[in-house]
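Enquirer: Numbering (this note's numbering), first residue to last: 16 to 877.
Take a look at the following structure, please.
Okay, here's the thing in structure tokens:
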């Protein structure tokens, strides 16, 4: 049905309120028409609440592991965040106001609280509960600090203090009324995760916080994720989105976003896996979009993530070694927890499901709602189970879900909740060590604990104690310690205590440990900024070290180069980019250190003997520099750049063509014309047929020439986000596609046909996505000409391992370059196409592909 097709496009992913309203009206029509019927095999009967003991019997776990109940209602209700304090007590954020009924009425009542649970007899079960803070409106984040806690409730960030040590908050001070950023509980800031650099980071937020000289400061940072955040042993932040299970930053915060003239293409918000498949062990009819084809399988089980949250990089010791460094992700809509093995591949992180078809934890209880994961001081994996039937917020409940929830009696009961612990079968809990009571010297030793929780807490406590006497044992650990993780944390303790020593850090630049030597480079930055001698020495040492440094340190050197004097910085960055220009992350790192110096750096490369030979990666970097120069909008620099292009664009070399292409790409965006003092020779020429030159004439003005801003009007005008896709697509195209189709899209003999004016490119976007996802073989007709081997390669390979966003960017680029004007392709379209074509392992023929697309359209029109 056409209405169903509209619903698929509107509701498949996170809708905003306006599209939700439209889609909900359409969904209601479908319900009334009887079109919202779920799969026949789905369990559509009531799903009554179970006792904790009954729920425990519903879990499926890997052999050798067991799940233990730690706490349950009424001791804990609606838990959404859990964390342990230095003495082993469990703090729980209880969002008791969440969805009291199907409409969410009453969620603004002050019924939320933060409780502290304690196991007083050592049997592993919490037996004592105390309310630290109550009368809260929808509390959603917590961070323990010296003498109290940071708390997020009623959309604001508060500093709460326990002044007498009785574990009850005595004061509550407003720190930031704008913390949440969005009134919707599903899209508000959360996290308060203490990073390795002693800042507190958040998901669904652009804010981070830091205590400096007794005052809490807020700073801007990159936007990250939706619900939950954690970090790995190197401090890289992990987060996710409800539809995409695992993302991470490949570089420390705020590096790649500092050059206002450059938009990074990678490094931040890096997707570790394109795998969105999940494997529930029960039907999941009560999901918001259960009526949309491709959401549930024939048994009514959810096919892919729709509520991914709380990614945890496990750094504990209770589970077997094979689990250390895994990333676990909650999926409350599917009643499961996904396990991902994370692989460090140099500069890139990848992840995969080690047991496809079987989840780490899955339950047959529909009310099992895992929403948060944490590592405990005992090294075990802890899980907050909100335990309720309805987990969708009222703002986004579709008529379909409303019907399911009411008919199957999923609204009540509320105010349940369980905390679970996952441990080996024959595991016994270790004795609790109260870290708050140990000496600072003992905390220094704890920095080398095999349990990441202990390392993190020891670092926090040492920084908060602000005891300068620990400087000597910290330095001894850094220089002589055997565990690189402990040495790494010790460096960041020194940073937090403001006791960094340049001589010590210089000793570490060639250290045996990559993470230590890389941290040393980063930590030298603040010292180099304020001390000319340190800055000069740093440049000289980095220039020498970079000759044999591991790629991870090269990345940090590229990021740190911005603190050096420009002559040394440019010399260092030029050597790096000439050796590592094929790395997209290195390219972005170099660009981040060149703000407002891009023209000077491009000129230094222009005549460099090492930069004369052409390659796709050098084209990309030249275009990146040119784009930044255009964004800077400095007329003298742009006039000089245009003068390098001469009079004839057709006979120019590869560098000139790259500059011209980058300028023309920027000309496609809505930019104010730039005024030049005189006419560039290239643009003053009589040739008016070259589209790129005409685009440039529309963005530059000079005496006697007024830019014609109407000339660039297109049928499909790209908005700001689509323009970013286009630019990213150009770079991906050069490295992935240009080898066969040519950098100009004209195709290459014996490789691939042209893309200019091709109906395969300009036609159905789903058909085009299918070609990239699965490949294509055999003869193909393009622009009235039949192409076949040996004129072209017999098979175009699949690009199914490329993520949805990258494929969408490539498609957006080729559909809007070289005179093509077909509009953008969203990653949602690519993702939907990927799901609906799962299982295909052979390339398409033209006939098969046309038949497949025709069948899809026929189904949609029924």
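Glycine is no exception: its CB is placed at the ideal position from the N, C-alpha and C atoms.
All values derive from a computational prediction rather than experimental measurement.
Check whether the Cβ atoms of residue 879 and residue 631 lie closer than 7 Å to each other.
Expert: Nothing about residue 879 can be reported from this structure: the residues present for the chain run from 16 to 877 only.
Enquirer: What do you get for residue 421, buried or exposed, if any count of 16 or more other CB atoms within 10 angstroms of its CB means buried?
Expert: By the 10 Å Cβ count, residue 421 comes out exposed.
Enquirer: Can you find the residues in the same chain that come closer than 6 Å, C-beta to C-beta, to residue 260, ignoring five residues on each side of it along the sequence?
Expert: 320, 323, 344, listed in sequence order.
Enquirer: So residue 108 and residue 95 are supposed to be a Cβ contact under 8 Å. How far apart are they, rounded?
Expert: Right, the Cβ-Cβ distance comes to about 5 Å (below 8 Å), so this counts as a contact.
Enquirer: Consult DSSP for residue 630 and reduce its assignment to one of helix, strand or coil.
Expert: Of the three classes helix, strand and coil, the one that applies to residue 630 here is coil, per DSSP.
Enquirer: Could you have a look at residue 234 and say whether DSSP puts it in helix, strand or coil?
Expert: Looking at residue 234 - three-state DSSP - the assignment turns out to be strand.
Enquirer: For the structure I just gave you, are there three or more beta carbon pairs, one from the stretch 572-590 and one from the stretch 245-252, closer than 8 Å?
Expert: No: fewer than three Cβ pairs fall under 8 Å.
Enquirer: Could you tell me whether any non-hydrogen atom of the ligand MG is closer than 6 Å to the CB of residue 501?
Expert: For the ligand MG, the structure offers nothing, since it holds no ligand at all.
Enquirer: Within 10 angstroms of its Cβ, does residue 440 collect 16 or more other Cβ (buried), or is it exposed?
Expert: It counts as exposed.
Enquirer: Identify every residue that forms a DSSP beta bridge with residue 274.
Expert: Paired residues: none, contrary to the question.
Enquirer: Whose C-beta lies closer than 7 Å to the C-beta of residue 141 among residues of the same chain, with five residues either side of it excluded?
Expert: Counting only Cβ-Cβ distances below 7 Å, and skipping sequence neighbours, we find 85, 86, 90, 105, 132, 133, 134.
Enquirer: Exposed or buried, what is residue 566 when buried is set at 16 or more other beta-carbons lying within 10 Å of its beta-carbon?
Expert: So residue 566 ends up on the exposed side.
Enquirer: Taking 7 Å as the cut-off, decide whether the C-beta atoms of residue 326 and residue 255 are in contact.
Expert: It is a contact, given that the beta carbons lie within the stated cut-off.
Enquirer: Got a sec? Which residues, its chain only, sit under 8 Å from residue 526 by beta carbon, not counting five neighbours each side?
Expert: The answer, listed in chain order, is 532, 535.
Enquirer: Using the C-alpha atoms, what's the distance from residue 649 back to residue 529?
Expert: Cα to Cα, residue 529 sits roughly 40 Å from residue 649.
Enquirer: When we look at the beta-carbon of residue 15 and count the other beta-carbons within 10 Å, is it buried (16 or more) or exposed?
Expert: Nothing in the structure corresponds to residue 15, since the chain is present only between 16 and 877.
Enquirer: Which stretch, first to last residue, makes up the beta strand (DSSP E) that contains residue 328?
Expert: Residues 324-328.
Enquirer: First and last residue of the beta strand (DSSP E) that includes residue 147?
Expert: Per DSSP, residue 147 belongs to the beta strand (DSSP E) from 143-151.
Enquirer: Residue 164 by DSSP, collapsed to three states: which one?
Expert: Residue 164 falls in the strand class under three-state DSSP.
Enquirer: If you run the structure through DSSP and keep just helix, strand and coil, what is residue 51?
Expert: Confidence at residue 51 is low in this model, with a pLDDT of 38, below 50, so the placement of that residue is unreliable and no value is reported for it.
Enquirer: Check whether the stretch 509-522 touches the stretch 541-559, counting contact only when three or more Cβ pairs, one atom from each stretch, lie closer than 8 Å.
Expert: The stretch 509-522 vs the stretch 541-559: in contact.
Enquirer: Determine the contact status of residue 137 and residue 122, defining contact as a CB-CB distance below 7 Å.
Expert: No, the Cβ-Cβ distance between residue 137 and residue 122 is not below 7 Å.
Enquirer: Does the separation of the CB atoms of residue 462 and residue 395 fall below 7 Å?
Expert: Cβ distance not < 7 Å, so residue 462 and residue 395 don't count as in contact.
Enquirer: Buried or exposed: which applies to residue 731, given that a residue is buried once 16 or more other Cβ atoms fall within 10 Å of its Cβ?
Expert: With fewer than 16 other Cβ atoms within 10 Å, it is exposed.
Enquirer: In angstroms with no decimal places, state the Cα-to-Cα distance between residue 778 and residue 238.
Expert: Cα to Cα, the separation comes out at about 34 Å.
Enquirer: With DSSP as the reference, identify every bridge partner of residue 791, one or two as the case may be.
Expert: The partner list for residue 791 (beta bridge, DSSP) reads 811, 859.
Enquirer: One question on the structure: do residue 93 and residue 401 come within less than 7 Å of each other, judged by their Cβ atoms?
Expert: Closer than 7 Å, so yes.
Enquirer: Report the rounded CA-to-CA distance for residue 240 versus residue 172, giving the unit in angstroms.
Expert: Approximately 19 Å between the Cα atoms of the pair.
Enquirer: Tell me the DSSP secondary structure of residue 123 in three-state form.
Expert: In the structure shown, residue 123 sits in coil (DSSP, three-state: anything other than H, G, I, E or B).
Enquirer: With distances taken from CA atoms, which of 221, 317, 480, 786 is nearest residue 509?
Expert: It is 480.
Enquirer: Which first and last residues belong to the beta strand (DSSP E) in which residue 258 is found?
Expert: It is not in any beta strand (DSSP E) - residue 258 carries neither H nor E in the DSSP assignment.
Enquirer: Assign residue 867 to one of three DSSP states: helix, strand, or coil.
Expert: Helix at residue 867.
Enquirer: Expressed to the nearest angstrom, what Euclidean distance is found between the alpha-carbon atoms of residue 763 and residue 756?
Expert: So the two alpha carbons sit approximately 6 Å from each other.
Enquirer: In the DSSP assignment, the alpha helix (DSSP H) including residue 550 goes from what residue to what residue?
Expert: Taken as a continuous stretch (DSSP letters only), the alpha helix (DSSP H) holding residue 550 covers 547-560.
Enquirer: Using 8 Å as the Cβ pair cut-off and three pairs as the minimum, do the stretch 361-370 and the stretch 557-572 touch?
Expert: Touching, yes.
Enquirer: By how many angstroms is the C-alpha of residue 433 removed from the C-alpha of residue 673?
Expert: Distance between the alpha carbons of residue 673 and residue 433: 59 Å.
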